[in-house]
Amino acid sequence: MIYLDNSATTRVLDCAANAALDCMRESYFNPASAYAPAAAMEKRIEGARARLASLLGADRSEIIYTSGGTESNNTAIFGVLRATRGKKRIITSAVEHPSVYEVFRTFEHAEDTEVVYVGVDAHGYLRLDALAEALTEDTALVSLMQVNNETGAINDLSAAQALIRKRAPHAVFHVDGVQGFCKLPFQKLSCDLYSVSGHKIHAPKGIGALYVKNSVRFAGGLIGGGQEQNRRSGTTNTPAIMGLDAALAAYQQNGDAWREHMYACKERLCRNLSGIPDVFVNGPEPRNGAPHILNMSFLGVRGEVLLHALAQQEIYVSTGSACAAHKRGKNRVLGAMGVVGARQDGAIRFSLCPFNTLEEMDIAAEALAKQVTFLRRYQRR
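Count along the sequence shown starting at 1, add 239, and that's the number in this note's numbering.
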């Protein structure tokens with residue numbers, strides 16, 4: 240099997256699986272309980288929270304554990320808007336993940352909210368000139384992704400933050416970091432809120448986190464036992480949190496080497512595939528984007544047909560976001576970049592992990608070239 244759909248989900252690291260299993264079978268105590276083993280578990284949870292905070296350049300009191308990226312994004316958006324009174328403008332981009340984009344769509348008909356979608360250029364990068372034009376004094380929230388989940392385009396968040404602070408000084412800036420966290424070098428955040436998902440970085444499913452700057456006005460969502468500083472109630476998911484912590488420790492130790500290896504695999508795959516006639520890269524050139532995502536179009540072949548042909552050889556890719564895979568119709572992200580028609584129809588996303596090999600890139604490219612040649616004979620008739 241060659242798995243090239245790591246932007247959809249990843250295999251859990253052995254260390255992360257073992258850490259989670261220990262919490263299921265041995266250290267299974269509820270950290271909210273009032274006896275010594277539970278207190279020890281709470282101490283471990285707070286240690287994990289401190290590690291995550293340090294990687295983000297934050298204080299541990301600013302970290303909320305969630306069930307994953309979708310909850311983190313939803314919690315960020317609704318948490319800010321619940322705490323904001325009066326008429327307001329909210330801004331996002333045309334290429335956001337559905338867990339942001341679809342939330343913004345729900346506000347399109349709200350009387351007190353104006354929704355603005357900022358465009359991107361032909362490589363998928365946020366148009367900073369369009370963002371500057373969209374920002375106004377009554378802007379309450381700007382939500383942008385760090386790395387696009389379909390093209391790997393990396394947004395210039397520092398430049399975006401500078402524009403926001405200059406033109407909309409009261410606006411809150413949320414960043415969807417699901418495809419950027421750990422895939423890019425760790426650095427201090429240029430935002431007020433930041434979303435993280437565990438299963439994108441080889442931690443278990445069902446765990447994520449949201450950084451909320453202490454100075455931000457924010458209204459928590461889930462009401463109950465008051466966990467997560469009363470901002471997200473619910474029994475603490477100790478196995479998943481400890482699994483996430485183990486994965487983060489692995490990234491701390493190996494991240495630079497892993498990122499460089501993914502770039503090498505990505506460049507090898509792109510170089511091999513570029514030898515096929517009528518092939519185009521959608522998004523940045525390999526070294527200019529995130530290390531793990533490559534989107535390419537194969538003219539004369541439908542992406543979905545190519546996906547299934549490769550799957551028969553146990554080579555697994557995708558045609559876009561897994562969270563939008565059940566929806567029929569055009570690809571919103573590629574369309575916003577001006578990628579339409581046959582080029583959009585023939586798009587395939589390859590997403591890598593540190594454990595893919597250069598040999599796998601060669602095997603996948605050879606198999607894909609054969610399938611493209613074969614399928615073009617029939618689909619061009």
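Note that CB positions come from ideal geometry on N, CA and C, so glycine has one too.
Cα-Cα separation, residue i to residue j
i           : j           : result
residue 614 : residue 547 : 12 Å
residue 387 : residue 333 : 11 Å
residue 313 : residue 384 : 13 Å
residue 537 : residue 585 : 5 Å
residue 398 : residue 309 : 25 Å
residue 328 : residue 348 : 12 Å
residue 294 : residue 423 : 12 Å
residue 369 : residue 249 : 35 Å
residue 244 : residue 452 : 32 Å
residue 446 : residue 307 : 5 Å
residue 393 : residue 371 : 18 Å
residue 319 : residue 405 : 20 Å
residue 559 : residue 533 : 11 Å
residue 455 : residue 292 : 16 Å
residue 378 : residue 352 : 10 Å
residue 286 : residue 338 : 29 Å
residue 617 : residue 539 : 9 Å
residue 472 : residue 551 : 44 Å
residue 602 : residue 491 : 31 Å
Proximity below 8 Å, CB of residue i to CB of residue j
i           : j           : result
residue 407 : residue 374 : yes
residue 535 : residue 521 : yes
residue 409 : residue 316 : no
residue 251 : residue 442 : yes
residue 515 : residue 608 : yes
residue 428 : residue 290 : no
residue 303 : residue 467 : yes
residue 556 : residue 589 : yes
residue 469 : residue 459 : yes
residue 187 : residue 610 : For the chain, the structure presents residues 240 to 620; residue 187 sits outside this window and is missing.
residue 343 : residue 354 : yes
residue 464 : residue 271 : yes
residue 363 : residue 523 : yes
residue 448 : residue 311 : yes
residue 380 : residue 402 : no
residue 284 : residue 475 : yes
residue 391 : residue 528 : yes
Neighbourhood of residue i by C-beta, 7 Å cutoff - its chain only, sequence neighbours within 5 removed
i           : result
residue 430 : 396, 400, 412, 413 and 414
residue 262 : 477, 478 and 481
residue 604 : 508, 511 and 512
residue 356 : 331, 332 and 333
residue 281 : 270
residue 426 : none
residue 259 : 443, 478, 479, 481 and 482
Residues of its chain near residue i, where Cβ-Cβ distance is below 6 Å and the 5 sequence neighbours each way are ignored
i           : result
residue 507 : 597 and 600
residue 444 : 438
residue 240 : 553
residue 572 : 334 and 389
Among the options, the one whose alpha carbon lies nearest that of residue i
i           : options               : result
residue 435 : 472, 576 and 416      : 416
residue 376 : 569, 301, 568 and 330 : 330
residue 288 : 485, 353 and 455      : 485
residue 498 : 603, 592, 243 and 353 : 592
residue 570 : 389, 604 and 421      : 389
residue 350 : 324, 338 and 365      : 324
residue 495 : 483, 530 and 463      : 530
residue 433 : 339, 450, 364 and 357 : 450
residue 543 : 504, 577 and 581      : 581
residue 365 : 335, 340, 380 and 341 : 335
residue 518 : 541, 473 and 378      : 541
residue 489 : 474, 421 and 284      : 421
residue 418 : 297, 425 and 440      : 440
residue 612 : 472, 583, 549 and 576 : 549
residue 577 : 539, 380 and 361      : 361
Close beta carbons around residue i, own chain, < 8 Å, minus the five adjacent residues each side
i           : result
residue 276 : 266 and 268
Proximity test, residue i beta-carbon vs the ligand MN heavy atom, cut-off 7 Å
i           : result
residue 555 : Of the ligands one can find in the structure shown there are none, so the ligand MN has no counterpart to examine.
Cβ of residue i within 8 Å of any chain E Cβ
i           : result
residue 356 : Protein chains in the displayed structure number just one, and chain E is not present.
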